[in-house]
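For reference, the structure discussed in these notes is given below.
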Amino acid sequence: MWNPDAYARTLDFAATEHGTQLVPGSTHPYVTHLVKVAAEVQRAWVETRDFDVDLAVTCALLHDSMEDAGVEEDVLVANFGRAVADGVKALTKDEHLDKPLRMADSLRRLLLQPKAVQLVKLADRITNLEEPPAYWTKEKRLAYRDEAKQILDALGASNAWLARRLEARREAYLAYCA
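So the sequence shown is numbered by this note's numbering: it starts at 1038 and just counts up by one.
Structure, rendered in C-alpha cells:
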C-alpha cells in the first residue's frame, strides 16, 4: 500500500521544483494538477489493485518535473531511483522532435514501461480534460480531445478503470467544443 511519508516527500519535491508555476488558464498552483493526477491513480488502485501503486503515485506526482520544471534525470535517479526516473522520462515529451511527433513518440516509449507508468498518462489526460483555458480555440479543444483518443487507444489496456474514466471524460469534454 502507498506510503504516506513517501507521498509527502515526493509532493514536497514536486512543489519545490514547480515553484510558482500555475495551472494554465487558472490561478491554482501547478501542484494542484499533480495531486489530481495522483488521486486518479490512487482511486484506480483501489478499484483494480493490479499495478505497483508506489511507482504509479510517485510518477504521477513527478510526471511533469522534467518537461515543465527542468528537473534533470540524474536528480530523479538520486532522489527516487531508476524506475521512477525512467517512468518520468517516458512521460516527458521530447522537445527536440517536431510538435506533431511528440505524443506518438511518448506513447511508444510508455509502451516499454510497466503499466504502473502507462496508466499515469491516462490519469493525466483525465485531469487535463477539465474545463480548458478560455483562450483555447475550438480547433485546439477538438484536437486535444482527439489526442485523448490516441492516448486511450495506445494505453487503455494498462488499466480498464482509468480507460473508462478517460472515455467518459472525452465525451463530457464535447461540451467545451461547441
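Every residue, glycine too, gets a C-beta built ideally from N, C-alpha and C. Fair warning: this is a prediction, and the values are worked out from it, not measured in the lab.
Ala1185 is the residue among Leu1128, Val1074, Ala1185 and Trp1198 whose C-alpha sits nearest the C-alpha of Leu1211.
Gln1058 has its alpha-carbon roughly 6 angstroms from the corresponding atom of Pro1066. As DSSP reads the structure, Leu1059 sits in a beta bridge with Pro1066. Assignment of alpha helix (DSSP H) within the region 1078-1116, counting only whole runs of 4 or more residues, yields 1090-1099 in chain order.
Judged by DSSP secondary structure, Ser1143 falls within the alpha helix (DSSP H) whose first and last residues are Lys1136 to Leu1147. The C-beta distance from Arg1139 to Ile1163 rounds to 20 angstroms, too long to meet the 8 angstroms contact threshold. Non-local beta-carbon contacts of Met1103 in its own chain, meaning distances under 6 angstroms to residues more than five positions away in sequence, involve Val1125 and Thr1129 in chain order. For the pair of segments examined, the region 1109-1120 was found not to touch the region 1179-1196: the number of CB pairs separated by less than 8 angstroms stays below three. Contact between His1055 and Ala1122 fails: their C-beta atoms lie close to 17 angstroms from each other, not under 8 angstroms. The three-state secondary structure of Glu1167, taken from DSSP, is coil. The alpha-carbon separation between Glu1132 and Ser1063 amounts to approximately 24 angstroms.
Under the 10 Å beta carbon count, Asn1165 is surrounded by 16 or more other beta carbons and is classified as buried. Non-local beta-carbon contacts of His1100 in its own chain, meaning distances under 7 angstroms to residues more than five positions away in sequence, involve Val1074, Val1125, Leu1128, Val1157 and Asp1161 in chain order.
The Cβ-Cβ distance between Leu1113 and Leu1071 does not fall below 8 angstroms.
Counting other Cβ atoms within 10 Å of its Cβ, Thr1053 stays below 16 and is therefore classed as exposed. Around the beta carbon of Gln1187, fewer than 16 other beta carbons sit within 10 angstroms, so the residue counts as exposed.
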